[in-house]
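> Okay, here's the structure, questions in a sec.
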Amino acid sequence: MRLLLVNPNTTASMTRDIEANARAVASATTLVEAVNPVDGPASIESDDDEHRCLPNLLAELTKAHARDVGRPDASIIACFGDPGLELARTLVDGPVLGIAQAAMHAAALAAGDFSVVTSMSATVPRAWELAKAYTPSQCLGVYACDIPVLTIDSDPETIGPIGDLCAGALESDGSRAIVLGCAAMAKFAVPLTRRLGVPVVDGVVAATVLAESMVRLINRG
0 MRLLLVNPNT TASMTRDIEA NARAVASATT LVEAVNPVDG PASIESDDDE HRCLPNLLAE
60 LTKAHARDVG RPDASIIACF GDPGLELART LVDGPVLGIA QAAMHAAALA AGDFSVVTSM
120 SATVPRAWEL AKAYTPSQCL GVYACDIPVL TIDSDPETIG PIGDLCAGAL ESDGSRAIVL
180 GCAAMAKFAV PLTRRLGVPV VDGVVAATVL AESMVRLINR G
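To convert, note that position 14 of the sequence shown is 13 in numbering that gives the first Met the number 0; the numbers rise steadily by one, no gaps.
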């Protein structure tokens, strides 16, 4: 099985982390490939960034699915806004997952309800929009740490204030899980789960596990 993860921004260090987090949970026989476009926003922190990333994101997906060899069995859009998700599903064969949809469904199934902790305040309306569409009653709150995505990506010390915000969200909402609303936060999921004592769900990991399951489901015959 081959999984393709597309980071819609141009920051290669984020793409490497996305690939590492996916490989950490993928089956030994699954080939994991992560790519990013060379043109577009360096990070995605607003609706405008999402719109600007779309042409190159879709180009990376369609290019990979046009291969004669090494065509993905499933693809993942590794941005919490799930940009272009519905359109991508009409353009390529096989499952296409968004990390927000995967994380929210996983948290709802694992814990019943959840709070989202995302990066910038400008992304909060989009997170609420997706939560209402994917899990209409399970998302109890959305909170922004207002730390830029590239800072989260490069500075491991940001786990401190992000963890504090997660703890505050759990207390305020009475929720039973946290969804991390930024692909750059993926590396914090395991230590924050230990710290907080509740599931802390990262969309890259959730989408990887679900994508493998979807491929097995549709190919079982």
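Backbone N, C-alpha and C define an ideal beta-carbon position, used for all residues, glycine too.
Along the chain, which unbroken stretches of the beta strand (DSSP E) at least 3 residues long are found entirely within the stretch 120-180?
138-143, 177-180
> If contacts are defined as beta-carbon pairs under 8 Å, then Ile98 and Ala206 qualify, I think. What distance do you get, rounded to the angstrom?
Here the question's residue 98 lines up with position 99 in the sequence shown. Here the question's residue 206 lines up with position 207 in the sequence shown. 5 Å between Cβ atoms; contact.
> Taking only three categories from DSSP, how would you classify Ala73?
Translated into the one-based positions of the sequence shown, residue 73 becomes position 74. Strand at Ala73.
> Give a yes or no on contact between the stretch 69-76 and the stretch 40-51, applying the rule of three or more CB pairs nearer than 8 Å.
no
> Does the stretch 169-181 come close enough to the stretch 108-123 that 3 or more CB-CB pairs lie under 8 Å?
Touching, yes, given that three or more Cβ pairs across the two stretches are closer than 8 Å.
> Would you say Asp172 lies against chain B (beta-carbon separation less than 9 Å)?
Here there is only one protein chain, and chain B is not present.
> Pro155 to Leu96, Cα distance in whole Å?
Reading the sequence shown from its first residue, position 156 is the one you call residue 155. Reading the sequence shown from its first residue, position 97 is the one you call residue 96. CA-to-CA, the gap between Pro155 and Leu96 works out to about 27 Å.
> Taking only runs of the beta strand (DSSP E) that begin and end inside the stretch 75-124, which ones reach a length of at least 3 residues, in chain order?
95-97, 113-117
> Please state whether DSSP places Arg15 in a helix, a strand or coil.
Taking the sequence shown and counting its residues from 1, one reaches residue 15 at position 16. Three-state DSSP puts Arg15 in a helix.
> How is the beta strand (DSSP E) around Val68 delimited, first residue to last?
Residue numbering aside, residue 68 sits at position 69 when the sequence shown is read from its first letter. That residue, Val68, is in no beta strand (DSSP E); it is neither H nor E in DSSP.
> Could you please give the first and the last residue of the uninterrupted beta strand (DSSP E) stretch that includes Val199?
Residue mapping note: residue 199 aligns to position 200 of the sequence shown, counting from 1. It spans 199-201 - the beta strand (DSSP E) in which Val199 sits, taken as one unbroken run.
> So Val116 and Cys165 are supposed to be a Cβ contact under 8 Å. How far apart are they, rounded?
Residue mapping note: residue 116 aligns to position 117 of the sequence shown, counting from 1. Residue mapping note: residue 165 aligns to position 166 of the sequence shown, counting from 1. The pair is a contact, with the Cβ atoms about 5 Å apart (cut-off 8 Å).
> Looking only at its own chain, which residues have a Cβ that is under 6 Å from the Cβ of Thr14, when we skip the five neighbours before and after it?
The residue labelled residue 14 in the question sits at position 15 within the sequence shown. So the list reads Asn6, Ala33, Asn35, once near-sequence residues are dropped.
> Return the CA-CA distance between Ser118 and Ala101, expressed in angstroms with no decimal places.
One-based indexing of the sequence shown puts residue 118 at position 119. One-based indexing of the sequence shown puts residue 101 at position 102. Ser118 and Ala101: Cα-Cα distance of roughly 18 Å.
> Between Ala126 and the rest of its own chain, which residues show a CB-CB distance below 6 Å, the 5 nearest in sequence each way excluded?
For the purposes of this step, residue 126 is taken as residue 127 along the sequence shown, with counting starting at 1. Cβ neighbours of Ala126 beyond the five flanking positions: Val115, Thr117, Val141, Gly180.
> Under the three-state reduction of DSSP, which class applies to Glu44: helix, strand or coil?
As a working note, residue 44 is residue 45 in the sequence shown. Of the three classes helix, strand and coil, the one that applies to Glu44 here is coil, per DSSP.
> Can you tell me whether Leu86 is buried or exposed? The criterion is at least 16 other CB atoms within 10 Å of its CB, across all chains shown.
By 1-based counting over the sequence shown, the position of residue 86 is 87. By the neighbour-count rule (16 or more Cβ atoms within 10 Å), Leu86 is not buried but exposed.
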